[in-house]
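To keep things clear, I will list the structure first and then write my remarks on it.
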Amino acid sequence: GAYPSLEAVVPRDFGGQAPTTVASGRHCTERGLGSLVAHGVHELRFAGATWETGPSSGVTPAALEAPGLQGGWVHEFYRLGAEGARNTESVDSRTFAVAGNPGFRVDTLNGESYQTVIDWQDGDRVRVVLVSSFVRQGSTKDEHEATVSAALEAALAQAP
């Protein structure tokens, strides 16, 4: 409830279910902001809704705000985080069209989890969809992709 107007742009329905959690807040430390500090970001406001789709799997559409925040900076933040993770076997980073607009996508295999982050500029904010699918729960790459598509659709259906 820290930023209700930002929480209003994240979906409240995914697959006919309410989110497990909805939260908002801010990061203002160098550790929390990571590579965003190099772009002059000193405070990042965020809101997200999370659906636990399994014991180690989930979906989180989120919205981020900071003065001058750019989608490319957010992409860099997530890409560098993936590349620096201990158990990451591969990182695929690319541009990605979101509803006909430019966006970014990072896909990783981190340990036994497929992970995808998609972000795109939405006016003064950056919208993000994060999906994690634990392989041991029977998630295949195709099932993960289907979840990514459904999560992106849910995020786009929520009008800002």
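Quick note: the sequence shown uses this note's numbering, first residue 461, plus one each step. All C-beta atoms in this analysis are idealised placements derived from N, C-alpha and C, irrespective of residue type, glycine included.
Check: Euclidean distance between Cα positions of P479 and P471; Outcome: 8 Å
Check: With 16 other Cβ atoms within 10 Å as the buried cut-off, status of S484; Outcome: buried
Check: Those residues which DSSP pairs with A523 across a bridge; Outcome: A507, R587
Check: Cα-Cα separation, L493 to L504; Outcome: 7 Å
Check: N- and C-terminal bounds of the alpha helix (DSSP H) containing Y574; Outcome: Here Y574 belongs to no alpha helix (DSSP H); instead the beta strand (DSSP E) covers 573–582.
Check: Heavy atom of the ligand HEM within 7 Å of E536 beta-carbon; Outcome: In the structure shown, the ligand HEM is absent, as is every other ligand, since no ligand is present at all.
Check: Helix, strand or coil at L569 [DSSP, three-state]; Outcome: strand
Check: Within 8 Å, strictly: CB atoms of P515 and A615; Outcome: no
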